[in-house]
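So the sequence shown is numbered by our numbering: it starts at 20 and just counts up by one. In this text, a Cβ means the ideal position worked out from N, Cα and C, and glycines have one as well. The structure presented is a predicted model; accordingly, all values stated were derived computationally and were not measured.
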Amino acid sequence: MSAKNFTLEAAAAANIQTVGSDKGSQAVHDLVVAYQANRRTGSANTKTRGEVSGNNKKIFRQKGTGNARHGDKRAPIMVGGGVVFGPRPCDYTKKVNKTTRRLALRRVLGDIIAGDKVVTVPSFAVEDGKTKSFIAAVSAITDSKKVLVVAESFDEKTKLAGRNVQEVLLMSAAEVNVEQLLNAGKVILVETSFETLASRTA
Numbered sequence: 020m021s022a023k024n025f026t027l028e029a030a031a032a033a034n035i036q037t038v039g040s041d042k043g044s045q046a047v048h049d050l051v052v053a054y055q056a057n058r059r060t061g062s063a064n065t066k067t068r069g070e071v072s073g074n075n076k077k078i079f080r081q082k083g084t085g086n087a088r089h090g091d092k093r094a095p096i097m098v099g100g101g102v103v104f105g106p107r108p109c110d111y112t113k114k115v116n117k118t119t120r121r122l123a124l125r126r127v128l129g130d131i132i133a134g135d136k137v138v139t140v141p142s143f144a145v146e147d148g149k150t151k152s153f154i155a156a157v158s159a160i161t162d163s164k165k166v167l168v169v170a171e172s173f174d175e176k177t178k179l180a181g182r183n184v185q186e187v188l189l190m191s192a193a194e195v196n197v198e199q200l201l202n203a204g205k206v207i208l209v210e211t212s213f214e215t216l217a218s219r220t221a
């Protein structure tokens, strides 16, 4: 499988728009932060003294015991009592507009292409659906430890062969995001993905 380096000139010829290092860094930061925030479940939850099970009975009489005065056992100072200002279910979702997303994608594509991290291949498929064949196919293109393969789509045999290879990620051109591009040591672009990437950066 013949692979060749993808240059900025080749990207321009394929109508994939990029920007240089003088623009878009904030957009990349905002988008990556949004991806990470949107993965948070926000499900941490503690009970206040009003939610802890138990009654309001005074645990011992006010005077004469030699102990500090206390009310019910659900008070925050008591073991098993409520929690003051503890975490509550929260939505951490952040929204990023389309213009910012497009600018971030242009910037990251420009950076990785300029850094010689992108190679192109005419096609990528593993016909026998075997993991061994999948690893051999990727190794024939690059020896990088973290590889991202981007195509218009993948057949079921190729998905089956690559699903257990943690170092290689298969993504369609319509779904690949900035964070995945940044994390990859090498990006393999299948030529079928050019049109979709061009439309996403237009």
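DSSP state of residue i mapped onto helix, strand, coil
i	result
Val-197	helix
Ile-78	coil
Ser-40	coil
Ala-170	strand
Ile-160	coil
Lys-117	helix
Asn-202	helix
Asp-23	Reading off the sequence, residue 23 comes out as Lys, not Asp. Here Lys-23 sits in strand by DSSP.
Ile-132	helix
Asp-91	coil
Asp-49	helix
Lys-165	coil
Glu-28	helix
Ala-155	helix
Ala-144	coil
Tyr-54	helix
Reference residue i, options the options, closest by Cα
i	options	result
Val-71	Arg-93, Ser-21, Leu-50 and Arg-219	Arg-93
Ala-22	Asp-135, Phe-79, Ala-217 and Glu-198	Asp-135
Gly-105	Pro-95, Lys-114 and Lys-113	Pro-95
Val-38	Ile-132, Ala-155, Asn-24 and Val-168	Ile-132
Thr-150	Ser-172, Thr-139, Lys-176 and Gly-129	Lys-176
Lys-114	Thr-220, Leu-50 and Ala-221	Leu-50
Lys-42	Lys-178, Arg-58 and Leu-128	Leu-128
C-alpha distance - residue i paired with residue j, whole-angstrom precision
i	j	result
Val-209	Gly-61	38 Å
Arg-126	Thr-65	42 Å
Lys-6	Pro-141	Lying before the first or after the last residue shown, residue 6 is absent from the chain, which here runs from 20 to 221.
Ala-46	Leu-122	7 Å
Ser-218	Ser-163	28 Å
Val-187	Thr-161	11 Å
Enclosing beta strand (DSSP E) for residue i [first to last residue]
i	result
Thr-139	137-140
Ser-191	187-191
Residue-level contact to chain C via CB, residue i, 8 Å cutoff
i	result
Asp-130	Given the protein chain composition of this structure (a single chain), no chain C is represented.
Residue i - containing alpha helix (DSSP H), residue span
i	result
Lys-205	It is not in any alpha helix (DSSP H) - Lys-205 instead sits in the beta strand (DSSP E) that spans 205-209.
Gly-181	175-181
Thr-220	213-220
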